[in-house]
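Asker: For reference, the structure I am asking about is given below.
Residue numbers (this note's numbering): 246 to 507.
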């Protein structure tokens with residue numbers, strides 16, 4: 246009779262291992278984006294043009310003049326952008342929980358959507374005012390939320406891009422990051438600062454206004470997440486803000502005088 250080998254029990258991750266895990270997740274996602282944004286901003290500062298005369302395009306064409314190939318590329322990058330969320334979900338399952346522990350589910354979808362709409366209305370207007378002021382003062386690049394061609398799939402792709410951004414950022418930078426920092430013994434104020442600074446860092450490519458505005462938004466989102474215990478209202482808020490920005494720019498750029506365009 247053969248004896249089956251004994252499978253060792255999985256040890257509970259130490260604070261050090263949780264820290265390494267966190268660095269890996271961020272290094273594969275928004276932490277790397279923060280470094281990229283810093284390099285991009287340094288490049289913008291050394292350009293002969295002033296910041297306000299430079300352009301940051303958020304959703305650009307990936308195959309100009311070839312709309313079907315462009316569409317395939319757009320969908321590919323949207324799907325790839327969600328892989329860090331899949332990784333976080335896997336790591337949470339290894340921990341013995343699921344993404345539900347972060348409040349990422351559809352159990353309270355109507356309440357989440359209502360809360361998200363309220364947050365979007367409050368933050369979206371303030372964010373637009375800050376952007377316009379910082380761009381006019383020369384501290385921010387001119388942000389072009391859409392550089393896609395005027396084809397039938399432009400609006401659907403912009404909406405999908407908005408939701409991809411929202412899911413990625415709120416699951417990783419809000420729910421997952423705060424959970425792991427708490428497990429490592431960080432105080433709540435320190436965790437809020439870390440989450441807010443990280444959120445601002447990967448928007449630095451837009452300029453000082455993008456950095457400060459998103460840090461403030463990050464702090465507010467942390468407080469609301471602590472109050473509600475769910476990331477879904479913040480996912481909805483973020484997605485609504487980005488959808489209005491992306492689609493609104495695509496429809497209004499060049500038709501209204503107050504919206505800066507390249």
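Each residue gets a CB set at the ideal place from its N, CA and C atoms; glycine is no exception. Every value quoted in this text rests on a predicted model; they were computed, and no experiment measured them.
#1: Between residue 404 and the rest of its own chain, which residues show a CB-CB distance below 6 Å, the 5 nearest in sequence each way excluded?
#2: Using beta-carbon positions only, say whether residue 440 and residue 418 come within less than 8 Å of one another.
#3: Per DSSP, residue 387 is paired with what?
#4: Please classify residue 501 as buried or exposed, where buried requires at least 16 other C-beta atoms within 10 Å of its C-beta.
#5: Using only CA atoms, which one of 290, 481, 321 lies nearest to residue 415?
#6: Where in the segment 463-488 do unbroken runs of the beta strand (DSSP E), each at least 3 residues long, occur, reported from the N-terminal end onward?
#7: What does a CB cutoff of less than 6 Å around residue 421 pick up in its chain, not counting 5 residues either side in sequence?
#8: From the DSSP output, read off the bridge partner residues of residue 452.
#9: So what does DSSP say about residue 430, is it helix, strand or coil?
#10: By DSSP, does residue 420 sit in helix, in strand, or in coil?
#11: Any idea which residues DSSP pairs residue 305 with across the strands?
#12: What is the rounded straight-line gap between the Cα of residue 508 and the Cα of residue 258?
#13: Would you mind sorting residue 449 into buried or exposed? The rule is 16 or more other CB atoms within 10 Å of its CB.
#14: Exposed or buried, what is residue 452 when buried is set at 16 or more other beta-carbons lying within 10 Å of its beta-carbon?
#15: Using a 10 Å radius around the Cβ and a threshold of 16 neighbouring Cβ atoms, would you call residue 395 buried or exposed?
#16: Under 6 Å Cβ to Cβ from residue 253, same chain only, skipping five residues before and after it: list those, please.
#17: Going by Cα to Cα distance, which pick from 291, 329, 380, 462 is closest to residue 229?
#18: Helix, strand or coil for residue 252? Go by DSSP, reduced to three states.
#19: Note the first and the last residue of the continuous alpha helix (DSSP H) segment covering residue 332.
#20: Report all residues from its chain with a CB closer than 7 Å to the CB of residue 407; omit the five preceding and five following residues, and keep chain order.
#21: Residue 351 by DSSP, collapsed to three states: which one?
#22: Leaving out five residues on either side along the sequence, give the residues of the same chain with a beta carbon under 6 Å from the beta carbon of residue 317.
#23: If you run the structure through DSSP and keep just helix, strand and coil, what is residue 400?
Answerer: For this structure:
#1: 488
#2: yes
#3: 300
#4: exposed
#5: 481
#6: none
#7: 333
#8: 385
#9: coil
#10: helix
#11: 392
#12: Residue coverage of the chain in this structure runs from 246 to 507, which leaves residue 508 outside it and unanswerable.
#13: buried
#14: buried
#15: exposed
#16: Note that residue 253 scores a pLDDT of 47, beneath 50, so its modelled location is shaky and nothing firm can be said.
#17: With the chain running from 246 to 507 in the structure shown, residue 229 is simply not present.
#18: Because residue 252 carries a pLDDT of 44, less than 50, the predicted location of this residue cannot be relied on, and the following value inherits that uncertainty. In this structure, residue 252 counts as coil in the three-state DSSP scheme.
#19: 328-340
#20: 484, 487, 488, 491
#21: coil
#22: none
#23: helix
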